[in-house]
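Participant: First to last, the protein sequences are chains A and B.
Using our numbering, read the first sequence as starting at 1 and increasing by one per residue.
Using our numbering, read the second sequence as starting at 206 and increasing by one per residue.
Just passing along the structure, written as structure tokens.
Number of protein chains: 2
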Amino acid sequence: MNAPHFSTRQRILDSAEALFARHGFAGASLRQVTAAASVNLAAVNYHFGSKENLINEVFRRRLDELTTQRLQALAAVQARPDHGLDDVLDAFVRPALVLVPDEHGGAGFVRVLARAYAEHNEQLRKFMHDNYGPALRQFASAFAKLLPDLDKQELYWRLDIVSGALTYAMADFGMIKRRGISEQQHRDLAAEHLIKFAAAGLRAR
Amino acid sequence: MNAPHFSTRQRILDSAEALFARHGFAGASLRQVTAAASVNLAAVNYHFGSKENLINEVFRRRLDELTTQRLQALAAVQARPDHGLDDVLDAFVRPALVLVPDEHGGAGFVRVLARAYAEHNEQLRKFMHDNYGPALRQFASAFAKLLPDLDKQELYWRLDIVSGALTYAMADFGMIKRRGISEQQHRDLAAEHLIKFAAAGLRAR
DNA sequence: GTATGCTTCAAACGCCCGTTTGAGCGTGCG
DNA sequence: CGCACGCTCAAACGGGCGTTTGAAGCATAC
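What follows is the structure in structure tokens.
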């Protein structure tokens, strides 16, 4: 499944991400993960200490990447003096598209992220809040500048709504089947619609 | 945990719903469920056949209720000739608030629903599509009448976004902590903000 | 060449899982 | 009464779980 020239550690992370996405954290066993990674069972505990810790590492790896890219995109947008709501939303949404697909048609990390929300695990939530929060606050202030009449509490509610819609749209949870398009196409379209929708939603009076 | 005068069947369903919400379908064991319900372990297989089937029954019970209430509310709204977008959205969102809380602070069925989305299980999805789909189509046509200029594909995308945001908001997945309010208050507020946001999003051009 | 330290390996640990079994229970009908 | 039926129960089934162990491999440094 994984090319043998990648490190054991990395192959475990890749397989774990794909299997957690498909079967959930409790539903995917270390035996499945290590088999998919062509790695000995004990390697997980050797490299990560425990399953719990492996889950955290799966997150850290991608969230760091996601946050970095978002903030980069935001900085680029804010450098342009005429930037609008759509641009900031794009900086928020677009990076989530990139780190998405795994090699075998799964939705990869975005779906893991959705799992994590659903888990409602306090530890995971704190971890996400710590790593996510500062970046989110930067976006909030970028939005606040573009929506000077919007109450701060109101803005935070709406950003939460955008995050939720983003997560669900990216993970392709919708009830409506859209035939003949790839997962990647689906997510591009979803991003497009989401940005338009969210821009109007944020401007609501 | 459950009053003893309820039937074994019902106590199992209640406990299962709460535990599936908290720990997921794979994460909550039948031993936990039956212990919480003060019921013999074998009772699950006696009354439901299998764990898989228990999960389905947990859904059927609430989804039937939810769909019925939504369609009732929609009918009431459509009876008024001057109804607007907010009213239809209210009919869609409000019933989700009602069937929410379990007795011990958990978020109950709404969180189970969010789990189901995250599971991405084909069988569950088909089940939801079959039971959900017709009602969703009724709402779609109610929205379409109020948004005559909106392309049909576009509308479906936006309704998917609304569903995602609704699920996410109801299950209280947000990153932002809001102190000093109960789960119920949180959901009332979430519904209010969601409706305002979604109405504007649906009207986006 | 041998000692060192990181990594991999097969095997085993005890535990919990979903499910099945067959005996036991109470109720109500013939 | 007796017997059938719906339900509950404790116990056991095989199997999969996360984790631990100690030996084996294999480079690098001395």
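Here a beta-carbon is modelled for each residue, glycine too, at the ideal position from N, C-alpha and C.
For the alpha helix (DSSP H) that phenylalanine 20 of chain A lies in, which residues bound it at each end?
Facilitator: 8–23
Participant: If you count every other CB in all the chains shown that lies within 10 Å of the CB of aspartate 219 of chain B, and 16 or more means buried, which is it?
Facilitator: buried
Participant: Output, in chain order, the set of chain A residues within a Cβ distance shorter than 8 angstroms of arginine 408 of chain B.
Facilitator: Ala200
Participant: Starting from glycine 164 of chain A, find everything on chain B with Cβ-Cβ shorter than 7 angstroms and list it in chain order.
Facilitator: Gly369, Ala370, Tyr373, Ala374 and Phe378
Participant: Comparing alpha-carbon positions, which option in B/Gly229, B/Asn245, B/Ala319 and B/His228 lies nearest arginine 236 of chain B?
Facilitator: B/Asn245
Participant: How many Å lie between leucine 147 of chain A and arginine 203 of chain A at the Cα?
Facilitator: C-alpha separation (whole angstroms): 7 angstroms.
Participant: Expressed to the nearest angstrom, what Euclidean distance is found between the alpha-carbon atoms of alanine 165 of chain A and alanine 403 of chain B?
Facilitator: 11 angstroms
Participant: Along the region 24–41 of chain A, where does the CB come closer than 9 angstroms to a CB of chain B? Name the residues.
Facilitator: Gly24, Phe25, Ala26, Gly27 and Ala28
Participant: Leaving out five residues before and five after asparagine 131 of chain A in sequence, what residues of the same chain have Cβ atoms less than 7 angstroms from its Cβ?
Facilitator: Leu63 and Thr67
Participant: List the endpoints of the continuous alpha helix (DSSP H) containing alanine 233 of chain B.
Facilitator: Under the DSSP assignment, alanine 233 of chain B falls outside any alpha helix (DSSP H); it carries neither an H nor an E label.
Participant: Scan the region 104–162 of chain A and note each continuous alpha helix (DSSP H) run of 4 residues or more that stays entirely inside, going in chain order.
Facilitator: 109–119 and 122–146
Participant: Along the chain, where does the alpha helix (DSSP H) containing proline 220 of chain A start, and where does it finish?
Facilitator: Past the edges of chain A, shown from 1 to 205, lies residue 220 of chain A, and the structure says nothing about it.
Participant: Can you name, in chain order, every residue of its own chain whose Cβ lies under 8 angstroms from the Cβ of phenylalanine 20 of chain A, other than the five neighbours on each side?
Facilitator: Ala28, Ile55, Val58, Val112 and Arg115
Participant: Is the Cβ-Cβ distance between arginine 94 of chain A and alanine 118 of chain A less than 8 angstroms?
Facilitator: no
Participant: Of all Cβ atoms in chain A, is any one closer than 8 angstroms to the Cβ of phenylalanine 225 of chain B?
Facilitator: no
Participant: Assign glycine 406 of chain B to buried or exposed, taking buried as 16 or more other Cβ atoms, counted over all protein chains shown, within 10 Å of its Cβ.
Facilitator: Here glycine 406 of chain B is buried, its C-beta having at least 16 other C-beta atoms within 10 Å.
Participant: Should serine 368 of chain B go down as buried or exposed, given a rule of 16 or more other Cβ atoms within 10 Å for buried?
Facilitator: buried
Participant: Going by CA-CA distance only, name the one from A/Leu150, A/Ala169, A/Ile161 and A/Arg158 that's closest to tyrosine 361 of chain B.
Facilitator: Distances from the CA of tyrosine 361 of chain B to each of A/Leu150, A/Ala169, A/Ile161 and A/Arg158 were compared; the closest alpha carbon is that of A/Ala169.
Participant: State buried or exposed for alanine 247 of chain B, treating a residue as buried only when at least 16 other CB atoms are found within 10 Å of its CB.
Facilitator: Answer is exposed; the Cβ neighbour count stays below 16.
Participant: Quick test of your reading: arginine 275 of chain B and phenylalanine 297 of chain B, contact by CB under 8 angstroms. State the CB separation rounded to the nearest angstrom.
Facilitator: 6 angstroms
Participant: Closer than 7 angstroms by C-beta to alanine 135 of chain A: which residues in its own chain qualify, once you throw out the five before and the five after it? Chain order, please.
Facilitator: Thr67, Arg70 and Leu71
Participant: Spatial neighbours of alanine 376 of chain B within its chain, please: CB distance less than 8 angstroms, with the 5 preceding and 5 following residues excluded, ordered by chain position.
Facilitator: Ala312, Val315, Arg316, Leu318 and Ala319
Participant: Is it true that the CB of isoleucine 366 of chain B sits closer than 8 angstroms to the CB of histidine 193 of chain A?
Facilitator: yes
Participant: At what residues does the alpha helix (DSSP H) containing aspartate 188 of chain A begin and finish?
Facilitator: Element bounds for aspartate 188 of chain A: 183–202.
Participant: How many whole angstroms separate the CB atoms of isoleucine 12 of chain A and aspartate 90 of chain A, which I take to be in contact at a CB cut-off of 8 angstroms?
Facilitator: With a Cβ gap of about 34 angstroms, isoleucine 12 of chain A and aspartate 90 of chain A do not count as contacting.
Participant: So that I know if they touch, is there some Cβ in chain A lying closer than 8 angstroms to that of arginine 316 of chain B?
Facilitator: yes
Participant: Which stretch, first to last residue, makes up the alpha helix (DSSP H) that contains aspartate 64 of chain A?
Facilitator: 51–79
Participant: Is there a C-beta anywhere in chain A that falls below 8 angstroms from the one on alanine 319 of chain B?
Facilitator: yes
Participant: Does chain B have any CB closer than 8 angstroms to the CB of lysine 196 of chain A?
Facilitator: With 8 angstroms as the cut-off, lysine 196 of chain A counts as an interface residue toward chain B.
Participant: Hey, how far is the Cα of glycine 84 of chain A from the Cα of serine 7 of chain A?
Facilitator: 43 angstroms
Participant: Please compile the residues from chain B whose C-beta is within a distance smaller than 8 angstroms of the C-beta of glutamate 52 of chain A.
Facilitator: Correct list: empty, because the minimum Cβ distance to chain B is about 13 angstroms.
Participant: So, at 7 angstroms on beta carbons, what are the nonlocal neighbours of histidine 252 of chain B in its own chain, with the 5 sequence-adjacent residues on each side left out?
Facilitator: Thr213, Arg214 and Ile217
Participant: Pick out whichever of B/Leu302, B/Asn326 and B/Phe378 has its Cα sitting closest to the Cα of aspartate 393 of chain B.
Facilitator: B/Leu302
Participant: Is it true that the CB of histidine 186 of chain A sits closer than 8 angstroms to the CB of arginine 179 of chain A?
Facilitator: no
Participant: Can the beta-carbon of alanine 349 of chain B be found less than 8 angstroms from the beta-carbon of glutamine 283 of chain B?
Facilitator: No. Outside cutoff.
Participant: Between which residues of its own chain and lysine 266 of chain B is the CB-CB distance below 7 angstroms, once the five residues before and five after are set aside?
Facilitator: It should be noted that the sequence gives arginine, not lysine, for residue 266 of chain B. Correct list, in chain order: Leu218.
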